[in-house]
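Peer 1: Handing you this structure, nothing more for now.
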Amino acid sequence: MNNTGGYALELSYEGVQIEFLQPNITSLTHPMNQGVIHAFKALYRRKSLKNLVEARDSDDNFSLKEYWRGYTIVMCFQNIQKALKQMNKVTLNASRKKLWPEAVHKHKGFSPDEIYHSAVDKVVKPAKLLGGDGFTKMTTEDVNNLIQDHPDPLMDEEMTKSASEEEERQEDPRKEEVGLSLEPLSTLAKTAKELQRMVED
């Protein structure tokens, strides 16, 4: 188990041997860091691009800009679900190779790396079908760069810094709000009523 501080040291289950990993080697052996997340991102991108190509093929007046405007969180979750379904047990088992090599079954074509490379190759073809700037000459290297664009989640320090900057912006009275607030709207309504009364008189 990783994150040893998150579990009681006396944690035990009958028939299960529990070992705690040292904190400084956890990321080197953690199954999710051994390609599973990488493979999932490639599968997700492939599914998203496939949907885009299907939308283009089914609509004569297709607009890429309008398609992305209409891309909802529901569509995102559907693509996530489909990508997760392609991450089968064999792939997850293969990701434990560094942690527990004896437990890994040999299934060619199902390791996280093999799934990743297969998905990346399958992203390039529909991208070229889309045509236009950025798609026609797309290569597997471009897809790799896209997937690695956001390789790590925000760390606690980054989230804290971002939240404090947001609070400072909200507390700074010198910064004007974009759009209408309640006070100007109220003034506008009063002025409109006055103008209407003047016109009627």
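Going by this note's numbering, the first residue of the sequence shown is number 20, and it counts up by one from there. We put the CB at the ideal spot given by N, CA and C, even for glycine.
Do you know whose CA, among A102, K125, M157, E121, lies nearest A61's CA?
Peer 2: Numbered from its first residue, the sequence shown carries residue 61 at position 42. The candidate whose alpha carbon is nearest that of A61 is A102.
Peer 1: Do D140 and T159 have their CB atoms nearer than 8 Å?
Peer 2: Sequence index remark: in the sequence shown, residue 140 carries index 121 (1-based). Sequence index remark: in the sequence shown, residue 159 carries index 140 (1-based). Cβ atoms of D140 and T159: closer than 8 Å.
Peer 1: Near Y135, what residues of its chain come up, given a Cβ to Cβ distance below 7 Å and the 5 sequence neighbours on each side ignored?
Peer 2: One-based indexing of the sequence shown puts residue 135 at position 116. Within the same chain, Y135 has close Cβ partners G54, H57, A58, A61.
Peer 1: In whole angstroms, what separates the C-alpha of Q215 from that of R64?
Peer 2: Residue numbering aside, residue 215 sits at position 196 when the sequence shown is read from its first letter. Residue numbering aside, residue 64 sits at position 45 when the sequence shown is read from its first letter. Distance between the alpha carbons of Q215 and R64: 57 Å.
Peer 1: Go through the stretch 48 to 132 residue by residue and report every complete run of the alpha helix (DSSP H) that reaches 4 residues or more, in order.
Peer 2: Segments of the alpha helix (DSSP H) lying fully in the stretch 48 to 132: 55 to 77, 83 to 88, 92 to 104, 108 to 113.
Peer 1: Given a cut-off of 8 Å on the beta-carbon distance, is the pair P145 and L68 in contact?
Peer 2: Taking the sequence shown and counting its residues from 1, one reaches residue 145 at position 126. Taking the sequence shown and counting its residues from 1, one reaches residue 68 at position 49. Yes, the Cβ-Cβ distance between P145 and L68 is below 8 Å.
Peer 1: How is the alpha helix (DSSP H) around E160 delimited, first residue to last?
Peer 2: The residue you call residue 160 lines up with position 141 of the sequence shown. 159 to 166 is the extent of the alpha helix (DSSP H) around E160.
Peer 1: So, under 8 Å CB-CB, V142 and V123 are touching, yes? Tell me the CB distance rounded to an integer number of Å.
Peer 2: As a first step, residue 142 must be located in the sequence shown, where it is residue number 123. As a first step, residue 123 must be located in the sequence shown, where it is residue number 104. That pair is no contact at about 27 Å.
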